[in-house]
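Chains as they are written, first to last, in the working numbering: chain A, 1247 to 2133; chain B, 29 to 139.
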Amino acid sequence: MRMEQWFYAVPLRLRSLFSRRQVEQELDEELQYHLERKIEEYTSQGLTPEQARHAALRSMDGLTQRKEECRDMRGVNAIDNTVRDVRYSLRVLAKSPAFTIVAIVTLALAIGANAVVFGIVNGLVLRPLNVPRAESLWGTEYGDGSGWQSYPNYVDLRDRNRSFDALAAFKFVFIGLDTGKDPALATGFATSGNYFEVLGIRPYLGRFFRSSDERGPNSAPYVVLTWAYWHTRFHEDRGVVGRTIRLDKHPFTVIGVAPPGFQGTLLFVAPDFFMPIVNQEQVDGGSVLNARGSNGGVFEAFGHLRPGVTPAQAIADVNAVGAYLAKTYPKEFGHKKCSLSRQGLTSFGGPVRAFVGGLMLLAGLILLGACANLGSLFAARAADRSREVALRLALGASRQRILRQLLTEAVLISLAGSAAGLLGSVGLLRWLSVWQPIPGVAVHVPVAPDATIYVVALVLALVSGFLFGIVPIRQVLRADPYEIVKAGPTGTAGRRITVRDTLLAVQIAICAVLVTSSLVAVRGLVRSLDSNFGFEPRNTMLASTNLAMAGYSAGEVPAMQRRMIDAMETIPGVERVGLVNAYPPLVYAAAARANVFKEEATDLRPSNAAAMPYRYDVSPDYFLAAGTVLLAGRSFSWHDDNTAPPVAVVNRGFAAAFFGSVTSAVGRYYKLQDGRRVQVVGVAADGKYMSLTEDQQPAMFLPALQTPATAFYLVVRSSRNPEHLAAAMRSKLRELDAGLPVATHSWNSLLEVVLFPSRVATMALGILGAMGAMLAMTGIFGMAAYSVSRRKRELGIRMALGAQRRQVLGAALGRAVKLLAFGSAAGLLLGMLASRVLASIVYQATPHDPLVLAGVVVAMLLLGLSATWIPAQRALAIDPLRLLREE
Amino acid sequence: MSRPSDLVQGTLDLLLLKILALEPLNGWAVSQRLRQVSGDVLQVSDGSLYPALHKLEQEGWITAEWKASENNRRAKFYSLTRLGRGQLEKEAANWARLSDAITQVVRIEEA
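Pasting the structure below:
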């Protein structure tokens, strides 16, 4: 049709559709006018009025048929039919509310789960950072592969590479932020001066700091607030710009506020503020600006690739710089091959992608299961409705019209289901995006739903609607109306394997996969909660502090530490007090490694290191306070200080790898990076240091007295209520020095951070597993109920002929039970295979666990039992006499 | 849908367009005019007239409005649109070609 034609046609069609009554009335009026004129004509020819009327009607060849033809001519039949299909489908669905509700809920769950997973994928993987040209931003995975690298190495990389326009860097700082009234802990990014220039964003208020502000250590005491922090802490006070606030007692000037929506350059950590990295010494206690050997200087370096530079070229370039640095600074730097990563995901990229990919797979399985479920339900319904379909075919409906109507039903259900599912998932995503999973840590899951999720849900709804809608098509196409109407509903349930059977078996298998993996995950989590960490976190409080913030010099540190430990020991109920520099094991997933060498080694280049154990500098009582068992030798004493020969306690893994056995290790020597020869005086039990899923790692403990540090944790073991103990600890420390910043946590609460990934994984799998179980239940129920209702007559005859209850049940439900067994077995096998993937996320997740296997079998049995209970009752309640009378 | 059996498919459209091209008419008047101009050769049943008119209206070739009829009653008057004028020309040309062709065929048979 041409444009102009549309101009006439569209209004007419809309009118026919929406002002149907008026159009009908006009048609009546038009034909009535014709009739009247005709009657006038006939009467003028001499006919009686009655005769004239009959003649006029005859001349029209049937008024009603002409009207129908006129309606046909209006050409709205296609739309009309759809409207009619929808109405009819709604009527049909309303007639079986149980079926409709089950179908909608099934789909709502399945589509909702997929929408949530898509929201997560969208937020974490697809949606880049909210900055201009985010697609060309790359982070470098430098240093040890976790992203961490030393600040001098970053500076060299920044100045020597030829691939990036500019290279910015940042690390985290956790500080006390004091506005003058209410000091509070805050999380910030210490960034290179060019951070905002590289990102290319503009401040919401004031200005950002620039690379020109960097003029050496502590030269730029400026703070930029994030919009969210400005909103919550400063109540959007525009006068905050120019004000001086204190970060760990050091004065900083607030110079600007970042734009809303900019949450820093890391997906999971939303900082409260930004400060120049050249000032980090003021909040960290020690400077990292010149520490080439320390990998704690920079968390991630990132920049825009220059136009025309491919990621592969950039990787080669960065590796060349790394090789140069390793050659130039052999003592401090051992270069490993590095690559680029999507900015914001460095060091999370792999696990996040694996996790999200796994979730997508499982959610897809759920949807497939739901479709299989609904497909078999629809097929069953279509079989039940074969008489109706046959009747309609016999009355002249085309097969196409009937199929269209069946598909309309399917799509209506899937749309309703997806609307409900979407509602739930949007709510869940909103909640997730403001969720603070770990108290006190600025973890943030940026998965607020956007418009794409609605599109995805719609597409999923239509696709799944068609998927399960076409299952009964073959049945309808094959139907012979004559045979069906003649024969009535057939009582013979086919002995062949039908599409329905296959669908149900597939669906049960999928469900068993989900149940298996969620059980594996839950079991892994439970085990990891009471597994051996190598220390005993229960009843242990940690107090973190930094003497540098309170103005202590390095020389004063050991004495002050001793006084602090003594003060802790005077608290009633306290059993042991230890101290560990930097972080205790498993806290904030922060652990330092150090190169060690064989005693006889002379070339102490990093590349020649014999091992890279975790390193902890601890006080004499640390092992007792932490609950770490000494397997051989002794702990340190207060005499193991700078004047005494260097000594170490190593863990069992270290001892075995270096010296062959625990007993042979004591008294032996090895060398540190700085060349010091260290004697092993004791061997401690193995433990976990960085993450729960790590393989057994070597670790060494050195006396804190021999390398005093200003930032450390006190480890206090007691029999007291941790809350009261924390208050007592803080007041005791304040007595010693009121200006000392102290944060107290129980060791267990800090383990939340390392347990977080497996918690999330377990939660997600648990939910998906429960959904899978529900799906299987509705599937088996549907199948069993259907087979009982179809074979009522046959069962009645069997009973009349003297069949026992057992035989009746066998006949009615045998097939469902067989399918259940078959599907479960297949699913269990697949689930065990799938669980290997799980083992990388959930600590101690293993499918080769009799408890898990038994759990799956019991769960599937219970599911089958509960799903077939009602149909079984129905089969047993059949009264053969009544049934035969009815026929 | 029934069509007048004695009319070549599509010719009714042409006839109606031609009649309406002369002046806007209501359905009754169209039926009178048809009988009048073609003598009684072209028998168009009154019943087939209205579906045909409605179809032309849907195609956008004619447009309808309610007006007072010659005996001062409300009636639906159809008139040709610009599109309809174009369609009339096209169908008229088609008809000419067709009738020429048929005439020739008939002559061949005579010879």
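Virtual Cβ for every residue (Gly too), placed ideally from N, Cα, C.
Next item on the list: Could you check how far apart the C-beta atoms of Asn1360 (chain A) and Ala1609 (chain A) are, in whole angstroms? I think they sit under 8 angstroms.
Entry: 5 angstroms
Next item on the list: Can you have a look at Gln1952 (chain A) and say buried or exposed, based on whether 16 or more other CB atoms are within 10 angstroms of its CB?
Entry: buried
Notebook entry, point to check: Residues of chain A with CB under 8 angstroms from Ala103 (chain B), in chain order?
Noted result: Glu1276 and Tyr1279
Note to self: Out of A:Glu1282, A:Ser1305 and A:Met1306, which one is the CA nearest neighbour of Pro1295 (chain A)?
What the structure shows: A:Glu1282
Checklist line | Residues in the stretch 1290-1308 of chain A having any Cβ partner in chain B nearer than 9 angstroms | finding: Ala1302, Ser1305, Met1306, Asp1307 and Gly1308
Item checked: For Gly1740 (chain A), three-class secondary structure by DSSP -> Here the model assigns Gly1740 (chain A) a pLDDT of 49, short of 50, so the residue's position is not dependable, and the following value carries that caveat. Reduced to three states, the DSSP call for Gly1740 (chain A) is coil.
Next item on the list: Use the C-beta contact count for Lys95 (chain B): other C-beta atoms within 10 angstroms, 16 or more gives buried, fewer gives exposed.
Entry: exposed
Margin query: Using only the alpha-carbon positions, how far apart do Ser1342 (chain A) and Gln1268 (chain A) sit?
Written below: 35 angstroms
Note to self: Quick check: the Cα distance between Arg1484 (chain A) and Ile1501 (chain A), rounded to an integer number of angstroms?
What the structure shows: 11 angstroms
Notebook entry, point to check: Apart from the five residues on each side of it in sequence, which residues of its chain come closer than 6 angstroms, Cβ to Cβ, to Cys1617 (chain A)?
Noted result: Ser1710, Leu1713 and Phe1714
Next item on the list: In angstroms with no decimal places, state the Cα-to-Cα distance between Gly1921 (chain A) and Ala1856 (chain A).
Entry: 13 angstroms
Check: What residues of chain A sit near Gln64 (chain B), judged by a beta carbon separation below 8 angstroms?
Finding: Result: empty, since nearest Cβ-Cβ is about 13 angstroms, beyond 8 angstroms.
Check: Can you give the beta carbon distance from Leu2066 (chain A) to Ile1754 (chain A), rounded, assuming they're within the 8 angstroms contact cut?
Finding: 6 angstroms
Check: So which residues of chain B does Arg1283 (chain A) contact, with C-beta pairs closer than 7 angstroms?
Finding: Trp56
Item checked: Local conformation of Tyr1400 (chain A) per DSSP, three classes -> helix
Margin query: Please state the DSSP three-state secondary structure of Ala2062 (chain A).
Written below: helix
Check: CA-CA distance, Val1759 (chain A) and Ala1625 (chain A)?
Finding: 25 angstroms
Checklist line | For Ser1396 (chain A) and Asn1541 (chain A), the rounded distance between their alpha carbons | finding: 4 angstroms
Notebook entry, point to check: Do Ala1838 (chain A) and Val1962 (chain A) have their C-beta atoms within less than 8 angstroms of each other?
Noted result: no
Item checked: Where Glu2136 (chain A) meets chain B, residues with beta-carbon distance less than 8 angstroms -> In this structure chain A extends from 1247 to 2133, so residue 2136 (chain A) is not present and cannot be described.
Checklist line | 8 angstroms Cβ cutoff met for Glu1460 (chain A) and Pro1522 (chain A) | finding: yes
Next item on the list: Give the single residue among A:Leu2047, A:Phe1548, A:Leu2079 and A:Tyr1935 whose Cα lies nearest to the Cα of Tyr1829 (chain A).
Entry: A:Tyr1935
Margin query: In this structure, how does DSSP classify Gly1385 (chain A) when only helix, strand and coil are distinguished?
Written below: strand
Check: Which value, in whole angstroms, describes the spacing of the CA atoms of Leu2097 (chain A) and Arg1769 (chain A)?
Finding: 9 angstroms
Checklist line | Where the beta strand (DSSP E) containing Leu1778 (chain A) begins and where it ends | finding: Rather than Leu, the amino acid found at residue 1778 (chain A) in this sequence is Asn. It is not in any beta strand (DSSP E) - Asn1778 (chain A) carries neither H nor E in the DSSP assignment.
Notebook entry, point to check: Mind checking Leu2011 (chain A): buried by the 16 CB within 10 Å criterion, or exposed?
Noted result: buried
Next item on the list: Determine the direct distance from the alpha carbon of Leu62 (chain B) to that of Lys46 (chain B), and round the result to whole angstroms.
Entry: 10 angstroms
Check: Using 8 angstroms as the limit for Cβ to Cβ distance, is Pro52 (chain B) near chain A?
Finding: no
Item checked: 8 angstroms CB neighbourhood of Val2063 (chain A) in its chain, flanking five on each side removed -> Gly2110 and Thr2114
Check: Could you check where the alpha helix (DSSP H) with Tyr1227 (chain A) kicks off and where it finishes?
Finding: The structure shown does not extend to residue 1227 (chain A), since chain A is modelled only from 1247 through 2133, so no value can be given for it.
Next item on the list: Output yes or no for whether 8 angstroms exceeds the beta carbon distance between Ala1794 (chain A) and Leu1979 (chain A).
Entry: no
Next item on the list: For Ala1666 (chain A), go through chain B and note every residue whose CB falls closer than 7 angstroms to its CB, in chain order.
Entry: Simply none; closest approach about 40 angstroms.
Next item on the list: Could you work out which residues of chain A lie near Lys118 (chain B), taking near to mean beta carbons separated by less than 7 angstroms?
Entry: None at all; the shortest Cβ gap to chain A is about 13 angstroms.
Notebook entry, point to check: DSSP state of Asp1483 (chain A), grouped into three classes?
Noted result: coil
Checklist line | Cross-chain neighbours of Thr39 (chain B) in chain A, by beta carbon under 7 angstroms | finding: Simply none; closest approach about 17 angstroms.
Notebook entry, point to check: Does Tyr1288 (chain A) come within less than 8 angstroms of chain B when only Cβ atoms are used?
Noted result: no
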